[in-house]
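So the sequences go chain by chain: A, B, C and D. Each residue of the first sequence is one higher than the one before, counting from 1 in this note's numbering. Each residue of the second sequence is one higher than the one before, counting from 1001 in this note's numbering. Each residue of the third sequence is one higher than the one before, counting from 2001 in this note's numbering. Each residue of the fourth sequence is one higher than the one before, counting from 3001 in this note's numbering. To start, the structure itself, in C-alpha cells.
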Amino acid sequence: MASHLGDPRVVEFDVRTDEMLINMGPQHPSTHGVLRLALRTDGEIVSEATPHIGYLHRCAEKIGENLSHRQYIPYTDRMDYLAAMNMNLGWALVVEKLLKHEVPERGRHLRVLMAELNRIASHLVAMGTYGLDLGSFTPFLYAFRERERILDLFEEVCGARLTYSYITPGGATGDLTEGWLEKCEAFLDQLAPVIEEYHTLLTSNAVFIRRTAGIGVLSAEMAIDYGTSGPVLRGSGVDYDLRRDGDPWYTGLYRDYKYEVIVQKDGHYPKDRDYPPVPAEAVLGDSWHRFYVRMLEVVQSVELVRQAMERYRAAKGDCGAPLKLTQRLPKGEAYLETEAPRGQMGFFLVADGNAIPWRVRVRSSSFCNLSITHEVCRGCLIADVPAVIGSLDIVMGEIDR
Amino acid sequence: MAELINLQILNRLLGWAGVDLPPSHLAGAVLAALVHGVILLGIVAVAAMFFIWAERKVAGRIQDRLGPTRVGGRFGWLQALADGIKLLSKEDVRPREADALLFRCAPYVSFAASFTAYLALPFSDGWVAQHINSAVFFILAVLGLEVFGVILAGYASGSKWSLFGAMRESAQVVSYEVPLGLCVVVPVFICGTMNLVTIGNMQTGWLTNWLVFHDPFTFAVFWVYFTCAIASVNRAPFDLAEAESELVAGFHTEYSGMRWCYFFMAEYGSMLLVSGLATILFFGGWHGPVPVFDMLGWSSMGGVLQYVAELAGAANFLIKAVVGVTVMIWVRWTLPRLRIDQVMTTCLKYCTPLAAVCFLGALGWQTGMFGLAAGPLWSPNQLMAVKQRGEYRESWVLKAEAAAAAEGSAAQAGRPAASGDRDEPDVSGETEPARSSATGAVGSPLSRKGGVG
Amino acid sequence: MMTLAGMDWHAIYFWLFALLTCGFALAVLFSANVVRMAFYLVLCLGASAGLFFLTGAEFVAAMQLMIYVGGTLVLLVFGVMLTAHSRFVSLRTPSGEWILALIAGSALLALLLSAALKVPDWVKANPDRAAISAADVEATTPIGMGFAGVRVDKLSQTDPQLLGGMSGYLLPFLIVSIHLLVVLIGAAYMARAKRRAAAVDEGAV
Amino acid sequence: MDHQKLFDQLRERFGDDVRALVVETIDPWIEVSAERLEDVCRLLKNDAAWQFNLLNCITAVDYFEPDAKKAAKVDWKPHVQMLYHLSSTTLKHTVVIKVRLPRWKDDVAGQLPEVASVSGIWRTADWHEREVYDLMGVMFVGHPDLRRILCPEDWEGYPLRKDYVMPLEYHGIRNR
C-alpha cells in the first residue's frame, strides 16, 4: 500500500482510523506452538502480518556435528514431533544413501507401513486442531480418539507414543510383535466409516465452508516460488509428490505400490467419488482445499498401509539390523528429501570419513509453508488469520529446529 | 394496587400462617416483593446450575466421552456446585489499568438485566411474578440491556483484546434485536395481545393448537426466531465476543472468580429466558400435547386440583424450555464459529428479510389475504380448538365485564354511577358498542372492518 | 404530611426512584471521566423508566428502556468508548462555566416548578394514591387501538362541538418515524469512509 | 538429468566462471563463481530446457579445522561452501550448484563473505538466506530484509561456524 500522506491530490479519508499493532502469540492459544505474529490492523482488516520465529530454536544442526549418525535419531524425532517416524525415515535414508546400504525387502515394507501410519496420525491432529481454530471443539476429540489407537500400535512396537526413534540407519530397532498386524487391520477397518463423520462434521459443514472457502488463496506459481510443499502445494493444484517424483533412492521405497497423488485435476480429486464434492465458493489454493487434500491423503495412506501389510507378510528375512554406533561414513555428501505429512523434509549430510558427520543441514517444510503468511494474510480479517495458519498445519519444532 | 402484585402465592402462604396483612401495607408489599424475588432468583440460579451440568454432560455425549461422573453420585450431578464453590474461592483479580468502578459494576449490570426479564415470564396459567400487560415488549426491552454489561466489561478491563470482544458483541446484539423483534410480533398479532399469560391460554387444547402450527409462515418464523435468539444470547456459532481462538477470551479475559461466575449465570439465565419465550409464543407454553387436565376439568375446579393442574403446566413449560436449551448446547458443540462480518450478513441479509417475509405472510394469513377472504384462512389451530381465538379475554377485561354485568343488573339503564370502580378505564364507557368494540378490538383489531361505532 | 405509619410502599418506591434519577443526573454533571458519565446516564434513564413503571404505564416504561437505554445509550457508550483515547480522558469544566450553568439551571427549575404547581390535581393530596397504578392495567390496549386508528379519546366525548376537533395520532406518528429513519440513513451515508480519488494513485487501495 | 549437457551450456555461456562439474559423487554438482551466481540461477529458472522453478534448500558448510594437528591432514584450505539444491516440478529433475567463498572477506576476521542474493529469483530464498546469515554469517547482497531469523536480534557470533565459542552469559542468563 503506497503511502499517500504527502500527496495533496489524494482526498484524505474522512474517518481517520489509526492502525493498531497487535501481537498474536507467542503464547496465543491458536498459533500452533510458540509462533509470534505481529499484526498491523486497521479495525478488523489485517494490513500486515509478520511472523517471528525462533522461540523453539535448539540448533539441532550444530548438535549433529558432535553426535554419531546413530545417536542423532532422537533429535530427528523432536523436529516434527507429530510425525517422528517420517523424520527418522528421512535421516536413515540419507545415511544409507551415503553408505549405499540397501535395507532388506521386509525392512522396506515395514518402513512404508510405519511412515504412512504416522501420516494418518499427523493428518488427524491437523484436522482436529483446525476445527479448534475455527471454534468447533468436537472434531478435536474425535481425531484424538482415532490417533490414540495408532499410538497404541506404535507403543507396542517401539515403546514410545510420540518420539519413537524406531527407524534407524540400517533398518529398525525391532521387528513387529506377532498379532500386531491383526490389530492394525482391525484399526484400518474401523477407521473408514469414521472418516465419514469428519466430512459431515467439517468438510461439508456450511459454517466451515464459509470460514475457509476463498480464504488465504495461494496461487500455484506463488506456492512453488515460496518453496511450499505437501498438502499446501497440492492444495494449490501443483501435481508434485516426492513419493513419485522425488529422489530415486526415496521413490525406490514405493516402487511397487499403487496409489494416486491427491491433487485437483480438471475440477475433481482422484478419490472424491464417495466424499463431499468441492463447494462452489472454494477457489483452488484456499484453506478449504488444503484441508480437503489432507483428508483425502488419510484415505490414500490407509490403502498404502494395507498394501504394505500384505507385502510385509509376503517378504522373508529380517527387517534390517541397525548400523553400529561407530560405523564410519565415507568421505562425501548426500542430500535427500522425503514426503513428510507437512511437505518435503530434506536432510543434507557432509561426512569426512569418521562416524561423526562434518555438517548436518535440515530443510524444514513448515519453514517454507509459514513464509507465505505475510503474502496470504494481507487484507483478511483478524478472525481469518488463525484459519489460514491452521490450514498451513505448521509445527514449530520443525521450523525452529 | 392489590392486583399489581400477583398475590395468589402470598395469600396462600399468609392464609396458612393465619396473619392478615393487606398488600397495600408497607410490610405486606415488601414481603410480597421478597417472596417473588426469592422464587425467581431460585429458579434462575438452579436453572443455571442445572445447565452447567447439562452442558458438560451433553458435550461429553456428543464428543464420545462421559462428562463428569465422579463429583457427587454416579452422574456427577454435583459438578455444578463444585464449580460454584471453586469460583467462590477463586481470588477476584482486577488488572491495574482497569477502571475500578466499571470493572466491578459490569457483571452485576449483565446479570441484573438477564434476571429482571423473568419478572414477566409466566411459568403456568397465572404463575407469573408480575402480570404485565405488554409482557413480550418488556422482555425484549430488558434483554437489550444485557449488552451493557458486556460493553462495560470489555472496555473497563483495559486490554486491547477485550475491547475487540466488546465492540463485536455490542454490534452483534444490537443488530440482532431487529429480526428478533420482527419474529416476536407474529405470534403477538395472531393472538392480538402482548400479554404472555393470554397468549399461553389461547393455545389450550390439543397439540394442533400450538401457534407454531398456525400457518407455514409462523413455522418458518419460529426457526428464524431461534437463530436470532442464539445470536442475541451470544452462543455458538455466533459467540464472537469470547472467540477463544482469536481474542483469547473476549470481554471476560480479565475476570475471574465470582465476577466471572455472574457473566456465566447471565448467559445461562438469558438462554433459559429466550427458550422459555419461544415455548410460550410458539409451543403452547404450559399446555401439554394432550389437554389431560382440561378433559378432567381440573384446571377450572379451583383449590388443590387446579393447583396440581397448574403444577403440571409448569412442568410442561420447563420441559419444553430445557429442550430448547439442550438444542442450543447441541448446536454449540457441533458447529464452528462464524466470522464477525458473516454474523452481520446473516442478520441483515438472511434473518431480517426472512422475518419480514414471514411477517407479511402470517399477516396475510391472519387477515384472510388482507380482506379478500372472509376471515383468517384455515389453520390447523381450528381443528380441535377449545374456544375460537376471538373469545379469549384478558383478565382485566373479564373483571371489567363482571363489574359491568353486576352494575347492569343492579342499576337501571343510562350512565352507571361512577362508583368506586375507579379502575374502570374510560374505554368501557356507558355505551354497549364501546365495550364490545374494546373487547372486539382486542380480539383481532385489524380484521374487523368498519372500525368502531 | 408523610406519616411513617400511614405511608404505603408506593411513596417509598417513588422517593427511591426519584432520588436515584436525580442523583445519577448530578453524578453525570460532576464526574470527570467521560466513560463514567455515560454509565451514570444509563443508570439515570433506567431509574426514570422505574418511575414510569410505578405509575403503571408499563408500555411507556418498556419503550423508555428499549429506545433510550437499549438503543441511544448503546451508541453513545460505543462512541465514547472508541474515541476516549487515554481511557481516563477527563473533562474539567472551568469554574466560569459552572456559574453560567447554575443560573440557566435554576431558571429552568423555577419555570417548571411554577407550571407544575398551577395544575390543581397535582397540588391537593390525592387520598387514594393506591388506585392510580391499577393492577394488570389496560394501558396497552388504548395505545394499540390508537395506533390502529380507533379514536380512543373520542369515545367518551359527548359534546359534539369538541368531537369534531379531535384528530387521530396515527399520521403524525408515522411521519415522525419515517423522518427519523431518513435522518439515520443520511448520517450513516455521511460518515462512511470515502474511497480515495482513484484517478490519482496507481495501486488500488 | 544430463549434467554434462547443462555444464557445457553454462560453460559456453559464462566461460570459466563455471568452474567445475563433478559427476562421480552421489549427488553430482556444478561449481560456479560467486560473481556469476545470480545470472546462472536466473538462466536455470527461466530456460525452457531446465525450468528449475523450486529452490529446495540453501546450505552453507564451514570448512575449517580448529585444532592444528588435524588441520595438517586435511586436503582443503579453510573456506565456506554455499550449496543451492534446485529441482523442477515440471521436468522432475534436480541439480546442485556450489559456490566457494572465503571464510572472511579479504581474510579480515569479522568481515562477512559476500554473495549475491537470489531472493529476487525464488521468493523462498528470502527466509533461507536469512537463516544462513543468522547461523553461518554470510552477507547476501541485495536481500530485501537481512535480519537474524532464528537467534535473538542482538545475538553476537555465528553459531554454525567451526570456531564459534558459546558466550558465557546472555542478558544475565548464565550458560555454564
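Even glycine gets a Cβ: it sits at the ideal position worked out from N, Cα and C. Every value quoted in this text rests on a predicted model; they were computed, and no experiment measured them.
request  = Return no unless some Cβ of chain C is closer than 8 Å to the Cβ of B/Tyr1155.
outcome  = It does: the Cβ of B/Tyr1155 has a partner Cβ on chain C nearer than 8 Å.
query = What residue from D/Val3099, D/Asp3002, D/Trp3127, D/Thr3059 has the CA that sits closest to A/Arg361's CA?
reply = Of all alpha-carbon atoms in D/Val3099, D/Asp3002, D/Trp3127, D/Thr3059, the one lying nearest the alpha-carbon of A/Arg361 is that of D/Thr3059.
request  = Locate the alpha helix (DSSP H) running through D/Lys3069, then write down its first and last residues.
outcome  = Looking at the DSSP string, the run of the alpha helix (DSSP H) that includes D/Lys3069 is 3068–3073.
ask   = Since A/Thr373 is in the alpha helix (DSSP H), which residue starts that stretch and which ends it?
value = Taken as a continuous stretch (DSSP letters only), the alpha helix (DSSP H) holding A/Thr373 covers 373–377.
ask   = Assuming A/Asp400 contacts A/Ile63 under a Cβ cut-off of 8 Å, what Cβ separation, rounded to an integer in Å, is found between them?
value = Not really, about 14 Å apart at Cβ, beyond 8 Å.
query = Quick one: Cα of C/Ala2135 to Cα of C/Gly2056, how far?
reply = Here the model assigns C/Ala2135 a pLDDT of 46, short of 50, so the residue's position is not dependable, and the following value carries that caveat. If you take the alpha carbons of C/Ala2135 and C/Gly2056, they lie about 8 Å apart.
ask   = According to the Cβ coordinates, are B/Ala1166 and B/Phe1251 closer than 8 Å?
value = Contact: yes.
query = Going straight from the alpha carbon of B/Gly1015 to that of C/Leu2026, what length do you get?
reply = Across the structure, B/Gly1015 and C/Leu2026 are spaced so that their CA atoms are roughly 46 Å apart.
task = Verify the CB distance criterion: does D/Arg3123 have a CB-CB separation below 8 Å to chain A?
result = Chain A contact via Cβ: present.
task = Go to D/Val3095, then tell me how far its beta strand (DSSP E) extends in each direction, as first and last residue.
result = 3094–3101 is the span of the beta strand (DSSP E), which, as asked, contains D/Val3095.
inquiry  = Suppose contacts are defined by Cβ-Cβ distances below 8 Å. Is B/Gly1368 in contact with B/Leu1360 by that definition?
reply    = Not in contact: B/Gly1368 and B/Leu1360 (Cβ atoms no closer than 8 Å).
query = Going by beta carbon distance, what residues of the same chain come within less than 7 Å of B/Cys1183, once the five residues before and after it are set aside?
reply = Leaving aside the five residues that flank B/Cys1183 on each side, the residues in its chain whose CB is nearer than 7 Å to its CB run, in chain order, Val1221, Val1224, Tyr1225, Cys1228, Ala1355.
request  = Name, going along the chain, the residues of the stretch 3060–3093 of chain D whose beta-carbon falls closer than 7 Å to a beta-carbon of chain A.
outcome  = Cβ contacts with chain A come from Val3061, His3085, Thr3089, Lys3092.
task = Mind listing the chain A neighbours of B/Arg1070? Cutoff is C-beta to C-beta under 8 Å, in chain order.
result = For B/Arg1070, no chain A residue has a C-beta closer than 8 Å to its own C-beta; the minimum C-beta separation is roughly 19 Å.
query = Any chance the stretch 1184–1194 of chain B sits against the stretch 2108–2124 of chain C, with 3 or more Cβ pairs inside 8 Å?
reply = Counting Cβ pairs under 8 Å, fewer than three are found: no touch.
key: Length-filtered (4 minimum) alpha helix (DSSP H) runs lying within the stretch 1154–1199 of chain B   = Entirely contained in the stretch 1154–1199 of chain B, the alpha helix (DSSP H) runs reaching 4 residues are, in chain order, 1160–1191.
inquiry  = Beta-carbon within less than 8 Å of A/Val238's beta-carbon, same chain only, minus the 5 sequence neighbours each way: which residues are those?
reply    = Here the set comprises Ala220, Ala223, Ile224, Val263.
ask   = Is the distance from the Cβ of C/Ala2047 to the Cβ of C/Gln2064 below 8 Å?
value = Cβ atoms of C/Ala2047 and C/Gln2064: not closer than 8 Å.
8 Å Cβ cutoff, D/Leu3054 in contact with chain A = Yes, its Cβ sits closer than 8 Å to a Cβ of chain A.
query = Considering only residues of the same chain and omitting the five flanking positions on each side of D/Glu3156, which have a CB-CB separation below 8 Å?
reply = Excluding positions up to five away in sequence, the list reads Pro3167.
message = Given this structure, state the Cα-to-Cα distance separating B/Ile1151 from B/Ser1170, to the nearest angstrom.
response = Between B/Ile1151 and B/Ser1170, the C-alpha separation is close to 7 Å.
ask   = What residues from the stretch 3143–3174 of chain D come within 9 Å of chain A, judged by C-beta to C-beta, listed N to C?
value = Residues passing the 9 Å Cβ filter: Arg3148, Ile3149, Leu3150, Cys3151, Pro3152, Pro3159, Leu3160, Lys3162, Tyr3164.
task = For A/Ser136, decide whether its Cβ has a neighbour in chain B, counting only Cβ atoms nearer than 8 Å.
result = Interface residue, yes.
ask   = Roughly how many whole angstroms lie between the Cα atoms of A/Pro51 and A/Leu141?
value = Their Cα atoms are separated by approximately 29 Å.
message = Just to confirm my understanding: we take B/His1287, look at its own chain, exclude 5 residues before and 5 after, and list those with CB closer than 8 Å. What are they?
response = The residues are Gly1200, Gln1203, Thr1204, Gly1205, Asn1209, Trp1210, Gly1313, Asn1316.
request  = Measure the alpha-carbon distance for D/Pro3159 versus D/Glu3131 and round it to whole angstroms.
outcome  = The alpha-carbon atoms of D/Pro3159 and D/Glu3131 are separated by roughly 11 Å.
task = Closer than 8 Å by beta-carbon distance: list the chain B residues that pair up with A/Tyr254, in chain order.
result = None at all; the shortest Cβ gap to chain B is about 35 Å.
ask   = Does DSSP put B/Asn1133 in a helix, in a strand, or in coil?
value = In the structure shown, B/Asn1133 sits in coil (DSSP, three-state: anything other than H, G, I, E or B).
message = Can you give me the C-alpha to C-alpha distance between B/Cys1351 and B/Pro1179, rounded to a whole angstrom?
response = Looking at the two C-alpha atoms, the distance is approximately 6 Å.
task = Would you mind reading off the limits of the alpha helix (DSSP H) that contains A/Glu398?
result = Where A/Glu398 is concerned, the enclosing alpha helix (DSSP H) stretches over 396–400.
ask   = Where B/Ser1428 and B/Leu1363 are concerned, what is the direct C-alpha to C-alpha distance, given to the nearest angstrom?
value = For B/Ser1428, the predicted model reports a pLDDT of 37, less than 50, meaning its position is unreliable; a value from the coordinates is still stated below. Straight through space, the alpha carbons of B/Leu1363 and B/Ser1428 are spaced by roughly 28 Å.
key: the stretch 325–342 of chain A: positions lying closer than 8 Å to chain D by Cβ   = Correct list: Gly332, Glu333, Ala334, Tyr335, Glu337.
inquiry  = Would A/Glu65 and A/Arg359 qualify as a contact pair, given that the criterion is a beta-carbon distance under 8 Å?
reply    = Against a cut-off of 8 Å, the Cβ pair of A/Arg359 and A/Glu65 comes out as a contact.
ask   = Can you find a C-beta in chain D that's less than 8 Å from the C-beta of A/Leu284?
value = Taking 8 Å as the threshold, the shortest C-beta distance from A/Leu284 to chain D does not fall below it.
key: Given A/Tyr133 as reference, the closest of B/Arg1339, B/Phe1138, B/Arg1070, B/Tyr1307 once Cα atoms are compared   = Contrary to the premise, residue 133 of chain A reads as Asp rather than Tyr in this sequence. If we check each option's Cα against that of A/Asp133, B/Arg1339 comes out closest.
task = Compare the Cα-Cα distances from D/Val3118 to each of D/Glu3024, D/Met3001, D/Arg3042, D/Phe3014 and report the closest residue.
result = Answer by Cα proximity: D/Arg3042.
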